[in-house]
Structures are given as structure tokens and as C-alpha cells.
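Below is one structure; the comments refer to it alone.
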Amino acid sequence: MNGPILPRLLAGPPLGAGTESLADHVARIGRAPVGGPWLVDELDASGLLGRGGAGFPVGRKWRSVAERPAGPAVVVVNGAEGEPGSAKDRALMTLRPHLVLDGAVLAAETIGAEVVHVYVGAEHVAALRTMHAAILERGAGWRVPVFLVAAPRGYVAGEQSAVIHYIEAGDARPTTPYRPWERGVDGAPTLVQNVESLAHVALISRHGAGWFAEAGRAHSPGTALVTLSGAGLRLGVREIELGTPLGEVLDSAGVDRDALRGVLLGGYFGTWARLDDGTAALPLDPVGLRERGLAFGAGVLTLLGRDECGVDATARIMAFLAGESAAQCGPCVFGLRALADATARLAVGRAEPGDLGRIERWAAMVQGRGACAHPDGAVGLLASSFVAFGDEYARHAERGDCSATPGPAMAARPAGAAA
Amino acid sequence: MARLELRVDRIRCDGAGLCAELLPEIVSLDDWGYPIVAPGAVPDVLLDHARRAVEACPVLALRLAEPRRASTARRATASTPATPRPAAVDIRWQPPRGA
């Protein structure tokens, strides 16, 4: 296929025109082929990495369910999108629902699933409505039962085991780790796949792995949706080629780099990067960022303005994540709360002696001790804030002062979790 | 005999702390009273004590199990940069003196 590399997922009618109908979708890119083992090979060859945050190879995931010994399987379309800095999944579901549903049908055909669950965050009302209408629009075209599930609001509700737990038992809390591709919904091997990943599958099935890899980098091929927000910017979703330098994305969004202090990459389980000379060159892709100790996650780019404080922003996120614990595992419940409170004390310049050391000790203590990765993600974010804003933490701890909002402005800051 | 690991069901565990009392060689408690289990197989000389700790747990959150195949697999792929590990225990930063 010739033509410009971008856009792919967001190609078609102008985004302002709203939802693309099934008829328009088919007229534009044709019908998807029928899925089967060939598609697993194609996905392997494409190098598509999951776009839900973990970046797991999609082909490998499909193969592990497709090559089960026997018995039924289940497909779960994950559109929970509980990440506050992300809007790309609901944008995709609202604008191009049939790309997502094509992907779901291909998944069901390929792994031989008997049922498809479309799991959409209940707070994403427009996405939920659009997906509902799009499922009905396909009428009798469904060869397997499809259930639309409104996922309860919550940061952990999109976690793989929580998704399965909710579909099975109406409880969106994570369960003790197990392998859903072996035993998922009602014991059947289950493929849980993010909506954007499925939309890429819809295109790969039509155009092939070679076409897919014409965009992006050899180690992270394709395009990806990113959500840009913060620093007074209106939250917006754009499609980029993986590996695009951060500076280029900021420039194309009209962001004044000099007005920025830093950027949160990946989401609340992601990493902070301070805006300095090298930051503009950071390649936005899972592998390139990981080599630099940073995260691509779900493509979240939350900007921190020069007049905002990294310690304060981190304290707010930690308070949020502590509150979003499913409250099942002690180290997560008590550890994240303690970490959030200590960070909040630092943020408002009322640190207790030893708070920095305490944070360090607790962070190490909490790591790896939850049933799910919630505590690990929170602690990773906190650790990255120390790398990016170390001097600010020192200033806060030793002088009770902040370079972004000095003096009275800092004292007037809402004390967040410390309150 | 198979080598056994001590494993905690984090969701069940509510921090009674008997395991740390009965098996301090392997189990310590964090600042909130929840067990931290030393990694690796339980040494033979401690197996009886470990079994006693498992039986004593009031919420049945502790068990002895063969090392997970999955964890071996994960370790095997760990050399290829497959799963990003948060740099959690890497908070090495120290406040500069006289800043």
C-alpha cells in the first residue's frame, strides 16, 4: 500500500465527523479476511506489541491461547481505560468502533473463541454507547455471542485478572496471579486484549505484516495512539509513528518546550522525565524508552509546566494510587498510603526528619508484594520522580521550599494525602 | 525430595504474624506487620518448622509449594528485555550536602 504512513488507525473521515459507520468502514478499507492460524503467524511477523501498557507481543499472546490442548476459549476486548492521563482507547472506540470489532472478530475466529466480552469503562459514556450501537449494527453478522460489559470505574478495574474476575463474578478486583491464557473466564483460556491492539490487528489482517512494519522502528514497529495533556493543554489524542522523538510531538502540538519542567511518560505507572537538552530527542516507543529507564506504557504524555512542581505532582498521583488500591493486600494498602502521606508532607514543605529515607525503605519494602502489580507500578513512578526531581526533593526536605512555587504559594498548596 | 518454597497468598494474608514468630529464619515482618519471605527454597533443616508455620496460619494464606515453572520461565527470558521492571529498589539518590 502506498501513500503517507500516518494516519492509520485514525484515517478516514475527519475526526470531527464522529463515529464511522459500518458501511463507511467497509467502503473505505473493505471487509476483514477470516481469521485463522495464518493470522498468528502474521502477527508474529508484524512485531505488534500490545498497546494496553505492558507492551507484550500480541502474536505470542494469541498463540498461547490458540494452541491450547482442547476446549472453549474466550476473547475479552479491554476498553476499561482507567488511566487518568489516557483518552486514546475511548477516542478509538468512539470514532472507529469497527476497527476494534474487526479485531475482536478476528481474535475469536483465530483462537476459536465461543464468546466475546467487550469491556468498556462505565465512565466513558460516549464510547460505551458507540460500542453498543456498533455491535448491534453488525446484526446477524456475529457468529459468536457478544456481551457488552460496563466496567466499574477504577484504576485497577482494567488489570487483566480484575477484568476476568468482574466478568465472572461481578468483582473488579485483581485475583492472585494466574495465567488467563491457560485459565481465564470460567476456567477457559482467555485472550484479554486492549482495544488499540485489536484495531492494529484489523489493519494487519488486511495489509500484512510488511505493511505494518513500514512505520515505526525495527524493534517497535507500527504507529501508536498517544494522549497529550497537562500544562494548560487541552487533552488530545494523536497518532504517531513509534520512535518519533518527543520534541517532534510537542512541536506538532504547538507546545512551547521552554514552558515545560517535565513530562510524565506512560501514565501513573510510568516514569517522569525532566525536560532538559536531551529530552526532546527521546524516542517514543516501548523499547527505546525502556533502554533509557523510561516507560511508553499506554502512550500517555502528561506535561508538567515550569510553574508546576514535580514533587507536588508526584504526591498527588501517589495519593490517587493509594486510594485506588483494591484494598486486598496489606503491603499495598498500608505501604502506598504511607508512601503517599510522606510524599505529600514533602510536597507542602512539612517533611518530618527522615522522610526521604523512609520513602526509600518503604518503596523497597512494598515492591513485588501485591497480588497484582499495582504497588510495583506506584513505586516505580515514585522512584522515577526521585531521578527526575532529586534536587527538588532536597530543597523541599531541607528548606521547606520549592523552586516552582516558592514561599506562600507552596504553603497554600492543598496538602493532598497529608490532610 | 523436591525443594519447596514458602508462598504467601497476599490477598488472604491479614498480617497475623504467626509465621514470623514460628519461622524467623525465613519470615520477617514489614512495618505494617505483613510477612516478607526470604527468596529461594526452604532449607531441609527448617522444613518441619515451615510446615508448622503453614498449619498455624489462621487464614490459610501460607503454603509450601514447588518452585513455579512460570517463575523459571520468567527468569529465563529476563535477560532479553521483555518485561520492564520498575526501578523501585533503585532509589539511590541522596540529598546533596549543603544544598
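Quick mapping for you: the protein sequence lines, in order, are chains P and V.
So for the first sequence, the numbering used here puts the first residue at 380; every next one is plus one.
So for the second sequence, the numbering used here puts the first residue at 242; every next one is plus one.
Even glycine gets a Cβ: it sits at the ideal position worked out from N, Cα and C.
Because the structure is a prediction, the values reported are computed rather than measured.
| task | Output the distance between the C-alpha atoms of residue 313 of chain V and residue 269 of chain V, rounded to the nearest integer angstrom. | result | On the second sequence, residue 313 of chain V is found 72 positions in, with the first residue counted as 1. On the second sequence, residue 269 of chain V is found 28 positions in, with the first residue counted as 1. Only weak support is given to the placement of residue 313 of chain V: the predicted model assigns it a pLDDT of 36, under 50, and the value that follows is read from those uncertain coordinates. Their backbone Cα atoms lie some 24 Å apart in a straight line.
| request: Check whether the Cβ atoms of residue 464 of chain P and residue 679 of chain P sit closer than 9 Å, and answer yes or no. | output: Against the first sequence, residue 464 of chain P aligns to sequence position 85. Against the first sequence, residue 679 of chain P aligns to sequence position 300. Closer than 9 Å, so yes.
| message | Can you check which of these residues, P:578, P:595, P:406, is closest to residue 662 of chain P by C-alpha distance? | response | Working through the first sequence from its first residue, we reach residue 662 of chain P at position 283. Of the candidates P:578, P:595, P:406, the one whose C-alpha sits nearest the C-alpha of residue 662 of chain P is P:595.
| query | Would you report the Cα separation of residue 490 of chain P and residue 413 of chain P, rounded to the nearest angstrom? | reply | By one-based count along the first sequence, residue 490 of chain P stands at place 111. By one-based count along the first sequence, residue 413 of chain P stands at place 34. In a straight line, the C-alpha of residue 490 of chain P is about 12 Å away from that of residue 413 of chain P.
| query | If you measure from the beta carbon of residue 277 of chain V to each beta carbon in chain P, is any gap under 9 Å? | reply | Residue numbering aside, residue 277 of chain V sits at position 36 when the second sequence is read from its first letter. So yes, residue 277 of chain V belongs to the interface.
| If we cut at 9 Å on Cβ distances, does residue 325 of chain V have a partner in chain P? | By 1-based counting over the second sequence, the position of residue 325 of chain V is 84. For residue 325 of chain V, the predicted structure reports a pLDDT of 34, less than 50, and the residue's modelled location is therefore unreliable. The matter cannot be settled from this model.
| request: With DSSP collapsed to three states, give me the class of residue 275 of chain V. | output: Along the second sequence, read from residue 1 onward, the residue named residue 275 of chain V stands at position 34. Of the three classes helix, strand and coil, the one that applies to residue 275 of chain V here is coil, per DSSP.
| message | Run through chain P and tell me which residues come within less than 8 Å of residue 256 of chain V, C-beta to C-beta. | response | To locate residue 256 of chain V, count along the second sequence from 1; it is residue 15. Ordered by position in chain P, the residues that pass the 8 Å Cβ test against residue 256 of chain V are 709.
| query | Thinking just about the alpha-carbon of each residue, which of P:511, P:567, P:555 is nearest to the one in residue 494 of chain P? | reply | For the purposes of this step, residue 494 of chain P is taken as the residue at position 115 of the first sequence. Answer by Cα proximity: P:567.
| task | Under 8 Å between beta-carbons, which chain V residues line up against residue 744 of chain P? List them in chain order, please. | result | Residue numbering aside, residue 744 of chain P sits at position 365 when the first sequence is read from its first letter. Correct list: 271, 272, 277.
| task | Run through the region 544-605 of chain P for me and flag every whole alpha helix (DSSP H) of 4 or more residues, listed as ranges in chain order. | result | 574-586, 588-591
| With a cut-off of 8 Å, do at least 3 Cβ pairs link the region 748-768 of chain P to the region 643-653 of chain P? | yes
| Within the chosen definition, does the region 409-423 of chain P reach the region 652-670 of chain P through at least 3 CB pairs nearer than 8 Å? | no
| Apart from the five residues just before and just after residue 244 of chain V, which ones in its own chain have a Cβ nearer than 6 Å to its Cβ? | As a working mapping, residue 244 of chain V is identified with position 3 in the second sequence. 282, listed in sequence order.
| Residues of chain V with a CB under 7 Å from the CB of residue 713 of chain P: which are they? | Here residue 713 of chain P is taken as the residue at index 334 of the first sequence, counted from 1. Residues of chain V passing the Cβ test: 273.
| Any contact of the region 580-587 of chain P with the region 449-458 of chain P, i.e. 3+ C-beta pairs under 8 Å? | no
| request: May I ask you to list, following chain order, the residues of the region 532-558 of chain P that have a beta carbon less than 9 Å from some beta carbon of chain V? | output: 552, 553, 554, 555, 556, 558
| Do the region 520-532 of chain P and the region 496-512 of chain P touch if we need at least three Cβ pairs shorter than 8 Å? | yes
| request: Check whether the Cβ atoms of residue 512 of chain P and residue 559 of chain P lie closer than 9 Å to each other. | output: Residue mapping note: residue 512 of chain P aligns to position 133 of the first sequence, counting from 1. Residue mapping note: residue 559 of chain P aligns to position 180 of the first sequence, counting from 1. Their beta carbons are not under 9 Å apart, which means residue 512 of chain P does not touch residue 559 of chain P by this criterion.
| task | Could you check which residue in P:733, P:610, P:676, P:677 has the C-alpha nearest to that of residue 688 of chain P? | result | The sequence position of residue 688 of chain P within the first sequence is 309, counting from 1. Comparing Cα-Cα distances from residue 688 of chain P to each of P:733, P:610, P:676, P:677, the minimum goes to P:610.
| said: Assess contact between the region 285-305 of chain V and the region 243-263 of chain V, defined as three or more Cβ pairs (one per stretch) separated by less than 8 Å. Is contact present? | reply: yes
| request: Could you run through the region 658-675 of chain P and flag, in chain order, every residue whose CB is less than 7 Å away from some CB of chain V? | output: 669, 672, 674
| Helix, strand or coil: how does DSSP classify residue 496 of chain P here? | As a first step, residue 496 of chain P must be located in the first sequence, where it is residue number 117. Three-state DSSP puts residue 496 of chain P in a strand.
| said: Tell me which residue opens and which closes the beta strand (DSSP E) that residue 651 of chain P is part of. | reply: For this step, residue 651 of chain P is matched to residue 272 along the first sequence. Run containing residue 651 of chain P: 650-653, per the beta strand (DSSP E) assignment.
| message | Please identify the residue among P:629, P:783, P:429, P:673 whose C-alpha is closest to the C-alpha of residue 539 of chain P. | response | Here residue 539 of chain P refers to the residue found at position 160 of the first sequence. If we check each option's Cα against that of residue 539 of chain P, P:429 comes out closest.
| In whole angstroms, what is the alpha-carbon distance linking residue 767 of chain P and residue 641 of chain P? | Walking along the first sequence from the start, residue 767 of chain P turns up at place 388. Walking along the first sequence from the start, residue 641 of chain P turns up at place 262. Cα to Cα, the separation comes out at about 8 Å.
| Environment of residue 714 of chain P [buried if 16+ CB atoms lie within 10 Å] | Here residue 714 of chain P refers to the residue found at position 335 of the first sequence. With 16 or more Cβ atoms within 10 Å of its Cβ, residue 714 of chain P is classed as buried.
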